[in-house]
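Residue numbers (my numbering): 1234 to 1438. Report on one structure; see the data block that follows.
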C-alpha cells in the first residue's frame, strides 16, 4: 500500500477518535501536501482508500440515513479536499449525492442539534409496540387507536398519533388488505396436473 494512503488513514483515524480535537480537515490536507504525499492532481482512488482500512459505518437496516454522522461528514470533506468528485464520494461512502454535497459545503463537521419537539416514545417503548404488532395476527389488524388503548396503561404517552408516527418511522404502513380471488376451474385443473407431473421434485429442482 502506498505511503500516502497510510498517512492519510492515520491522520483521519486520529481525528475521528479524538472528540475534543482542534485538528480540522484543512490541517490534515495541508500536512499531507507539505510532505508531498498526496496532491489534488493525483488523488488516491476509492479502491485504494478502501485498502487503507478507512471503514465507513453503514446501517444495514437503513442503507441511506437521513442525517450523516460526524465521522461520515469528516470523510466527505477529506475526500472532497483532495480532489474527488461528489459522485465518486457518494458512491464510495454509500450515501446520497445531496448528502455528500451538503456535508462538503458545511462549515463545521459536527452536525447541529436538530430542532423540534422530541418524540413522546423512546426506543424501548417503540420496540415493545413493534413486537406486539408483528408477533400476532390480531396485533397486525388492530388500528392505531386500538394499539394506543392496549399500551396506554403502561406507556402514558402512547397516544394514537404517537403510535402512528412511531410505527411510520419504523417503516410500517397501514392499508386495506386485498383478498385473493377464488381459483377458477381451469387453474385448479392446471395445478393438479402440475402436481401429478412434478410431485416428486426436490426443493432444489
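Where a beta carbon is used, it is the ideal one built from N, C-alpha and C, also for glycine.
Fill in: Status (buried if at least 16 other CB within 10 Å, exposed otherwise) for residue 1318
Residue mapping note: residue 1318 aligns to position 85 of the chain shown, counting from 1. Counting every other CB atom within 10 Å of its CB across the protein chains shown gives residue 1318 a total below 16, marking it as exposed.
Worksheet item: Between the C-alpha atoms of residue 1409 and residue 1397, what's the straight-line distance to the nearest angstrom?
Response: Taking the first residue of the chain shown as 1, we reach residue 1409 at position 176. Taking the first residue of the chain shown as 1, we reach residue 1397 at position 164. Their Cα atoms are separated by approximately 16 Å.
Practice prompt. Please list, in chain order, all residues of the same chain as residue 1402 whose beta carbon is under 6 Å from its beta carbon, the five residues on each side excluded.
Written response: Counting from 1 along the chain shown, the entry for residue 1402 is found at position 169. Here the set comprises nothing.
Discussion item. Please classify residue 1326 as buried or exposed, where buried requires at least 16 other C-beta atoms within 10 Å of its C-beta.
Written reply: Along the chain shown, one-based indexing puts residue 1326 at 93. Per the 10 Å Cβ criterion, buried.
Worksheet item: Exposed or buried, which one is residue 1201 when buried takes at least 16 other CB atoms within 10 Å?
Response: The displayed coordinates of the chain run from 1234 to 1438. Any statement about residue 1201 would go beyond what the structure contains.
Discussion item. Rounded to whole angstroms, what is the Cα-Cα separation between residue 1321 and residue 1404?
Written reply: The sequence position of residue 1321 within the chain shown is 88, counting from 1. The sequence position of residue 1404 within the chain shown is 171, counting from 1. Each residue's Cα considered, the two are about 29 Å apart.
Discussion item. Can you confirm whether the stretch 1377–1393 touches the stretch 1414–1429 when touching is taken to mean that 3 or more C-beta pairs between the two stretches lie within less than 8 Å?
Written reply: no
Worksheet entry | Helix, strand or coil at residue 1395 according to DSSP, with G and I counted as helix | For the purposes of this step, residue 1395 is taken as residue 162 along the chain shown, with counting starting at 1. In this structure, residue 1395 counts as helix in the three-state DSSP scheme.
Fill in: C-alpha distance - residue 1332 paired with residue 1306, whole-angstrom precision
As a working mapping, residue 1332 is identified with position 99 in the chain shown. As a working mapping, residue 1306 is identified with position 73 in the chain shown. Each residue's Cα considered, the two are about 9 Å apart.
Worksheet item: Just how far apart, CA to CA, sit residue 1359 and residue 1353?
Response: Within the chain shown, the letter at position 126 stands for residue 1359. Within the chain shown, the letter at position 120 stands for residue 1353. Their Cα atoms are separated by approximately 10 Å.
Fill in: residue 1422 versus residue 1365: straight-line alpha-carbon distance, rounded
By one-based count along the chain shown, residue 1422 stands at place 189. By one-based count along the chain shown, residue 1365 stands at place 132. C-alpha separation (whole angstroms): 41 Å.
Item to complete: Keeping to the same chain, check which residues put their C-beta closer than 7 Å to that of residue 1313; ignore five residues upstream and five downstream.
Response: In the chain shown, counting from the first residue as 1, residue 1313 sits at position 80. For residue 1313, where only same-chain residues beyond five positions count, the Cβ hits under 7 Å are 1322 and 1337.
Worksheet item: Is residue 1377 closer than 8 Å to residue 1393 when the C-beta atoms are compared?
Response: Indexing the chain shown from 1 puts residue 1393 at position 160. Indexing the chain shown from 1 puts residue 1377 at position 144. Between residue 1393 and residue 1377, the gap from beta carbon to beta carbon is short of 8 Å.
Worksheet item: Can you give, in chain order, each stretch of the alpha helix (DSSP H) that sits fully within the stretch 1325–1384 and has at least 4 residues?
Response: Runs of alpha helix (DSSP H) with 4 or more residues, each lying fully within the stretch 1325–1384, are found at 1330–1338, 1356–1368, 1370–1374 and 1377–1384, listed in chain order.
Item to complete: Compute the beta-carbon to beta-carbon distance between residue 1363 and residue 1416, rounded to the nearest angstrom, for a pair I have assumed lies under 8 Å.
Response: As a first step, residue 1363 must be located in the chain shown, where it is residue number 130. As a first step, residue 1416 must be located in the chain shown, where it is residue number 183. About 35 Å separates the two Cβ atoms, so there is no contact after all.
Worksheet item: If you check the beta carbons only, do residue 1299 and residue 1344 fall under 8 Å apart?
Response: For this step, residue 1299 is matched to residue 66 along the chain shown. For this step, residue 1344 is matched to residue 111 along the chain shown. No, Cβ-Cβ distance for residue 1299 and residue 1344 is not below 8 Å.
Worksheet entry | residue 1435, buried or exposed, once every other Cβ within 10 Å from all chains shown has been counted against 16 | Position 202 of the chain shown, counted from the start, is the residue given in the question as residue 1435. Per the 10 Å Cβ criterion, exposed.
Fill in: Neighbourhood of residue 1395 by C-beta distance below 8 Å, restricted to the same chain and skipping five residues each side
Numbered from its first residue, the chain shown carries residue 1395 at position 162. Counting only Cβ-Cβ distances below 8 Å, and skipping sequence neighbours, we find 1352, 1353, 1354 and 1381.
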